[in-house]
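Student:
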Amino acid sequence: MLRIVNFLLVLLLSGGAAAEVADVYDFSDRAQEQRYQNLIEELRCPKCQNQNIADSNAPISKDMRDAVYRMMKDGASNEEIVESLVGRFGEFVRYKPELDSRTFLLWATPAIAVLGGLLVVAGVVIRSRRAGPESPALSAEEQARVNKMLADQDKPS
Amino acid sequence: MKRFLLFLPLLVALVVGVVLFAGIGKDPTKLESALVGKPVPEFSLRDLHNPDAMLDQSLFRGQVSLLNVWGTWCPACKDEHDDLMWLAEEKGVNIIGLNYKDNRDDALVWLDRLGDPYRKIIYDPRGTLGFDLGVYGAPETFVIDAGGVVRYRHVGVVNETVWEQTLLPVINDVQGNG
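Sequence lines, in order, name chains A and X. Okay, so the first sequence: first residue is 554 according to my numbering, each after it adds one. Okay, so the second sequence: first residue is -8 according to my numbering, each after it adds one.
#1: In the DSSP assignment, the alpha helix (DSSP H) including K626 (chain A) goes from what residue to what residue?
#2: Does the beta carbon of L22 (chain X) sit closer than 7 Å to a beta carbon anywhere in chain A?
#3: Counting only C-beta atoms, is Y127 (chain X) closer than 7 Å to chain A at any point?
#4: Give the list of continuous beta strand (DSSP E) stretches no shorter than 3 residues that lie fully inside the segment 76 to 102 of chain X.
#5: Could you give the DSSP three-state label for G121 (chain X): helix, strand or coil?
#6: Starting from F133 (chain X), follow its DSSP beta bridges and name the residues at the other end.
#7: What in chain X is Cβ-close to A629 (chain A), meaning under 9 Å?
#8: Taking only three categories from DSSP, how would you classify R52 (chain X)?
#9: Given a cut-off of 7 Å, decide if Y114 (chain X) and L58 (chain X) are closer than it, judged by their beta-carbon atoms.
#10: Can you list the residues of chain A that P19 (chain X) reaches, using a CB-CB cut of under 7 Å?
#11: Taking only beta-carbon positions, decide if G640 (chain A) is within less than 7 Å of chain X.
#12: Any idea if P23 (chain X) is buried or exposed, counting beta-carbon neighbours within 10 angstroms, 16 or more meaning buried?
#13: Using a Cβ-Cβ cut-off of 7 Å, state whether N163 (chain X) counts as contacting chain A.
#14: Quick check on DSSP: helix, strand or coil for G169 (chain X)?
#15: Hey, quick one: how far does the beta strand (DSSP E) through S35 (chain X) stretch, first residue to last?
#16: Please state whether the Cβ-Cβ distance between Q604 (chain A) and C598 (chain A) is less than 7 Å.
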């Protein structure tokens, strides 16, 4: 029994190891490696629907990682690297699209939603302030009805 | 005013509905090529049939061509092969092949067995031209005008329907304008 459990454990662990994308690249320092990692995490694999090229095992992702590494070695800046891939594969590969007229709504929606929410809250607060003690919640007529109802309730039936 | 506010959620739902409905039926796996409107990238690769001959982007000058990306490892390429033969033989379409990430021997055996619809085949074992073209899977077929500019990219197999409804109109358009 223990053997079977052990075997299954080994199988499970090795499965995890095999699923990871294993590339071997040399970097001169930690910062470069981190930069490479950040780049491949914000580039999207064109073949897979929603995976970055860091996670994807697709051959095209491997090619793209190679290209990123090669361009980094050649001293290209992050923008140059991303631009060169966008030039080949289109805006689709960007997880962070550029801010332009087409993507304006995409970027502005959170701000618009927050602003809208704030306006609603402000509206509610202002209205309740304005309706302070001068204008009671019930009109005189309503107040009379309430008094009557309460009086009726107190009466033993 | 109060009455109008009651209809606000309905209005929002309608707008969101229209936006979402517009997206239904679009195939998200088909991307528009970033190269449309740009010239074919520069390359210098060997001819599949003739390893001593080098091919470059001037191959696309002078007439409208289809650039078909294929490989023997690609099952869908086999599906479209008969249709490519039909296009080349019956319709006289000028098709250039890009043998992508493949090896020469397998490719030659394949062509021997299934026929060769290509005027020329570029041999790209490492996928360099494919990468520059933004190829992310095979088969892909590009329409390239007589000036060597990419006009359209079709992802997936070419068959009679695709030819008649998609590629032929693009080619007619390209020929009409150029």
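Ideal placement from N, C-alpha and C gives every residue a C-beta, glycine not left out.
Tutor: So, from the listed chains and residues:
#1: P612 to K626
#2: yes
#3: yes
#4: 86 to 91
#5: helix
#6: X:L58 and X:R144
#7: Neighbours of A629 (chain A) on chain X: none; closest Cβ ~16 Å, over 9 Å.
#8: strand
#9: no
#10: Q602
#11: yes
#12: Inspection of the sequence shows that residue 23 (chain X) is occupied by Glu rather than by Pro. Result: exposed.
#13: no
#14: For G169 (chain X), the pLDDT reaches just 48, beneath the cut-off of 50, and the residue's location in the model is therefore unreliable, although a value from the coordinates is still provided. Of the three classes helix, strand and coil, the one that applies to G169 (chain X) here is coil, per DSSP.
#15: S35 to D38
#16: yes
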